[in-house]
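Asker:
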Amino acid sequence: MYDKSISEQSRALAAGEISSVELTQSYLDRIKQLDGDLNSFITVTDELALAQAKAADERRAAGNAEALTGIPLAHKDLFCTEGVKTTCASKILDNFVAPYESTVTNKFKNAGTVMLGKTNMDEFAMGSSNENSHYGAVKNPWDQTAIPGGSSGGSAAAVAAQLAAGATGTDTGGSIRQPASHCGITGLKPTYGRVSRYGMIAYASSLDQAGPMTRTAEDAAIMLNTMAGFDRRDSTCMDREVPDYTANLNDSLEGKTIGLPKEYFSTGLDSEVEQRIRDAVAEYEKLGAKVKEVSLPNLQLSIPSYYVIAPAEASTNLSRFDGARFGHRCDNPEDLMDMYKRSRSEGFGEEVKRRIIVGTYALSAGYYDAYYNKAQQIRRLIRDDFMSAFEQCDIIMGPNAPTPAFNIGEKSDDPVAMYLSDIYTLSVNLAGLPGMSVPAGIVNGRPVGLQMIGRHFDESTLLNAAHRFQQETDFHLATPFTAA
Amino acid sequence: MMWETVIGLEIHAQLATKTKIFSGASTAFGAEPNTQACAVDLGLPGVLPVVNEEAINMAIKFGLGIDAEINKVNVFERKNYFYPDLPKGYQTTQLDKPIVGAGHVDITLADGSTKTVRIHHAHLEEDAGKSLHEDYHGMSGIDLNRAGTPLIEIVTEPDINNSEEAVAFAKKLHSIVTTLGICDGNMAQGSMRFDVNISVRPKGQKELGTRTETKNLNSFKFMEAAIHKEVARQIDVLEDGGRIVQETRLYNGDTGEARSMRSKEEANDYRYFPCPDLLPVVIEESRLEKLRGEMPEMPDAKKARFVSEYSLSEVDAEILAGNQATAAFFETAAKTSGDAKLVSNWMLGEVSKALNANDTAIADSPVTAEMLAGLIARIKDNTISGNIAKKVFEALWNGEGKDADDVIEKKGLKQVTDTGAIETMIDEVLTANAQQVENYRAAPPEKRGKMIGFFVGQAMKASKGKANPGMVNQILKKKLDS
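These protein sequence lines are chains H and D, in that order.
Note that this note's numbering gives residue 92 to position 92 of the first sequence, counting from 1, and the numbers run on in steps of one.
All you need for this note's numbering is the position in the second sequence, starting with 1, plus 1000.
1) Go ahead and pull the three-state DSSP assignment for residue 188 of chain H.
2) Closest to residue 440 of chain H by C-alpha separation, out of H:454, H:220, H:183, would be which residue?
3) Examine chain D for any beta-carbon lying closer than 8 Å to the beta-carbon of residue 312 of chain H, and answer yes or no.
4) For residue 1153 of chain D, write down the residues that DSSP places opposite it in a beta bridge.
5) Are there 16 or more other CB atoms within 10 angstroms of the CB of residue 355 of chain H, so buried, or fewer, so exposed?
6) Apart from the five residues on each side of it in sequence, which residues of its chain come closer than 8 Å, Cβ to Cβ, to residue 301 of chain H?
7) Here's the rule: buried if 16 or more other CB atoms are within 10 angstroms of the residue's CB, otherwise exposed. What is residue 481 of chain H?
8) Measure the CB-CB distance between residue 1373 of chain D and residue 1336 of chain D and report whether it falls below 8 Å.
9) If you draw a straight line from the C-alpha of residue 453 of chain H to the C-alpha of residue 309 of chain H, how long is it?
10) Counting Cβ pairs closer than 8 Å, one from the region 265-274 of chain H and one from the region 228-243 of chain H, do we hit at least three?
11) Kindly indicate which residue of H:327, H:322, H:203 has the alpha-carbon position closest to the one of residue 335 of chain H.
12) Which residues, in chain order, does the region 216-248 of chain H contribute to contact with chain D at a C-beta distance below 8 Å?
13) So with Cβ pairs under 8 Å, would you call residue 1291 of chain D a contact of chain H?
14) Pick out the complete alpha helix (DSSP H) segments inside the region 1287-1314 of chain D, 4 residues or longer, and give them in chain order.
15) With 16 other CB atoms within 10 Å as the buried threshold, where does residue 106 of chain H fall?
16) Can you give me the C-alpha to C-alpha distance between residue 56 of chain H and residue 113 of chain H, rounded to a whole angstrom?
17) Just reading off the alpha helix (DSSP H) that residue 1228 of chain D is part of, what are its end residues?
18) Determine, using beta carbons only, whether residue 484 of chain H comes closer than 8 Å to chain D.
19) Suppose contacts are defined by Cβ-Cβ distances below 8 Å. Is residue 487 of chain H in contact with residue 156 of chain H by that definition?
20) Please list the residues of the region 189-200 of chain H that have a C-beta atom closer than 9 Å to any C-beta atom in chain D, keeping them in chain order.
21) Step through the CB atoms of chain D and report whether any lies within less than 8 Å of the CB of residue 326 of chain H.
22) Any Cβ of chain B within less than 8 Å of the Cβ of residue 1128 of chain D?
23) For residue 1082 of chain D, return the contacting residues in chain H, with the cut-off set at a CB-CB distance below 8 Å.
24) Just verifying my parser: in three-state terms, what is the DSSP assignment at residue 25 of chain H?
25) Would you identify the three-state DSSP class for residue 334 of chain H, choosing helix, strand or coil?
26) Just the C-alpha distance for residue 16 of chain H and residue 22 of chain H, rounded to the nearest angstrom, thanks.
27) For residue 474 of chain H, which three-state DSSP category applies?
28) Against residue 1279 of chain D, what residues of chain H qualify as contacts under a CB-to-CB distance less than 9 Å, listed in chain order?
29) Give the residues of chain H in contact with residue 1269 of chain D, contact being defined as C-beta atoms less than 8 Å apart.
30) What's the gap between the Cα of residue 1077 of chain D and the Cα of residue 1047 of chain D?
31) Would residue 431 of chain H pass as an interface residue toward chain D - the criterion being a Cβ-Cβ separation below 8 Å?
32) Relative to the C-alpha of residue 465 of chain H, which residue among H:288, H:137, H:262 is closest?
33) Determine the direct distance from the alpha carbon of residue 1086 of chain D to that of residue 411 of chain H, and round the result to whole angstroms.
34) In chain H, which residues lie less than 9 Å from residue 1051 of chain D when you measure between Cβ atoms?
35) When DSSP labels each residue in this structure, what does residue 484 of chain H get in the three-state scheme?
36) Chain D beta carbons: is any one of them nearer than 8 Å to that of residue 202 of chain H?
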């Protein structure tokens, strides 16, 4: 049953074909068997999972089950989970047990889901390869010499390897879509403000957004139904009605217009990847959609803009990790300054330090206007570009990344090359739009995903388009195991 | 050389909200350390701030109270620096777009003259926690109960020229925030703290001298003393040919000592930028209208009304209108007794003396406005003399009766106005002092006025103060001069 989608598992649980305890145990067994190599989990919560599974079975017996009751999920290790270690894949939080629950995980708790554990990630969600983890790199289940993508690499690998029915991820510059693409699963980054950020350890507050990582679009819709909605504890969370995201999955795509930004198909895009994307778009034409070229003229500027704004916010978001109240504190500090310097130097990894330094520089007196202010101006231009494009189309499509997953170690000494590979995803966060990745084929044994971008708060259209595509194709059904 | 002093003030006033500016934790003073700090105040990973709308309302009321512009879109920013009592590593405050823009506060000085002090702006921010350096064996303790308490920081233009003006301004500001009910005004608990920027320059010179900032003065008295001390120090330095270093200074009110805390050269780059966890605060016109409707009578308007309605002097009206509780006490007593002038005299005299001597706030006075009015009514109807009234007041203060009539009755203090009884008493006095009577009668009329005081004193003493002094005077004159 572990190889089935959430919707199928949900039906089986409802029909009494399997219990949540049995289902949970099957995942725990697989994690034990496979995750030693993959390293997709930082913490596995066996006992808690089985207790939650038992409670879910009792709830179902009592007739109060919801669609997700009893479904075993994994949560990215930046959602605070009460009583369970939450590390953000950082040494500085290696000893941190949150005294409270994040809104997202709390909603899943209330829905009766089972938490299998906390997944590996790039430290503080900074990275595109999941190599920046205090707990070691995560391997791509399709090819263990490849990165799984990042920063939600653990969640992506766990879902792809069928170590969890679904997982939560977060996406600041592509951290759901890119690993979903590299691991051959479905990932959705909702509109900024659609899902509460309360209890998510912040990387870049104005860009961070949580979303589902699943095997199918239908599963993503089911998970989003639980995740989305207003939270008075997050001022940036919108008080806006949450539709039933499963309601329109089968709507016709007749009359919909797909925009292909010419900048997404220019130099730097691997020709094989481009072919998979063009094939996918052709499939949409068969489904009745029209295709049109659009333009996002400031796309290139999204990289410098993002790599100023995100580190700037991160540099102050991460100031609270000072060794004073929680997390790593150096041994025998001589004085206050020594405690700050050593605790932080020892606790943060290289990429995190790099971004703190970049961000601190960008906000410094005398540089603020040239960097931070300029980046914010570019951000508005990028948003305006998307607004103009959406006057001509309903969905924008393109690749998530220029190439399939690269090899572990390939770019780890070249941060700029790593940053450049984020070109197709960053702009979506800068504009606050919803974006999605759906499996679109394999190149040299490594998956390629199609990226879809929608209007603000129009996740329904993306899920509808993704679901219809998955009705016509079987890319999403391929697994590392069937492929081999 | 003649020197001119230039002073600008920055005032931190704690807003009287029930909960903190960005969390639901209580703001009450004096709890056990760290019992009033929730996950948000502790800056735990993943928590987010949510603006307390009541703090916004209070800041708006302050702006309305000083005729200031209210910035309809104002923005919270992060001020970044590391300190153990600052849990997030930044203070959430306002910089470029504060909630309250330019306004003014008018002050009245002892000579009756008035002066306008311009307010540059006022902004909202969160307070930090407290570092405790004693009792931890060489370590420091951190109490985060105060972290996140809402503050309004009020910044003046450098319009103040001496300590008298500074204190008058500080008192006026105290009166404004307490009248508005946005700050409890408790300076001893740190609810209002004053930072004083001081510079001196040769009289007539246009450009300002280098300034120093003396921080965290929490009493009017300390502020006055600190200004005197710093002005004298700066003049000494300059007259000795030295130069003033721009620095932050601390003044110890207990010892009267001042010292340098840090110089500007070591100043942090705070890397201000808009807080991405908070949306800009947008204030709708309808909200302003509602708050305008809730505004109390401000001290200036109240003072003007006290002058016209109760015929008080400017100086008396300034004091009585300066504080919400004092003003309310006065008006109740004035209306109940029907004699505003007498109430004013009593409040500025006996009441004020007793409050000061017992370090009591007027709101906690054991003698209520109604009790004072009752006492004054008995003076007016000649039941007691002014002197006896003081005794009655003292008894009321000490809880020896429920009202003036009760005390007068219990202690038998009722004034004797029976002519026969007074005449009998006076006859006894005159008989007992035959020699003085002779002396009086032998004296020329211009000296008699003074000499009659002796007999009045004796007669009052014989009546234990209860005889009506006017009647005693009248009858004595009649008997002695006949």
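Note that the Cβ used here is the ideal one computed from N, Cα and C, for glycine as well.
Answerer: The relevant details are as follows:
1) strand
2) H:183
3) yes
4) D:1012, D:1123
5) buried
6) 378, 381, 382
7) exposed
8) yes
9) 21 Å
10) no
11) H:322
12) 232, 233, 234, 235, 236
13) no
14) 1299-1310
15) buried
16) 7 Å
17) 1220-1239
18) For residue 484 of chain H, the pLDDT reaches just 43, beneath the cut-off of 50, and the residue's location in the model is therefore unreliable, leaving the point undetermined.
19) For chain H, the structure presents residues 1 to 484; residue 487 of chain H sits outside this window and is missing.
20) 196, 197, 198, 199, 200
21) yes
22) This model lacks chain B altogether; the protein chains it does include are H and D.
23) 319, 322, 340
24) helix
25) coil
26) 11 Å
27) coil
28) 235, 236
29) 364, 365
30) 17 Å
31) no
32) H:288
33) 38 Å
34) 235
35) Confidence at residue 484 of chain H is low in this model, with a pLDDT of 43, below 50, so its placement is unreliable and the value that follows should be read with caution. Looking at residue 484 of chain H - three-state DSSP - the assignment turns out to be coil, as it is neither helix nor strand.
36) yes
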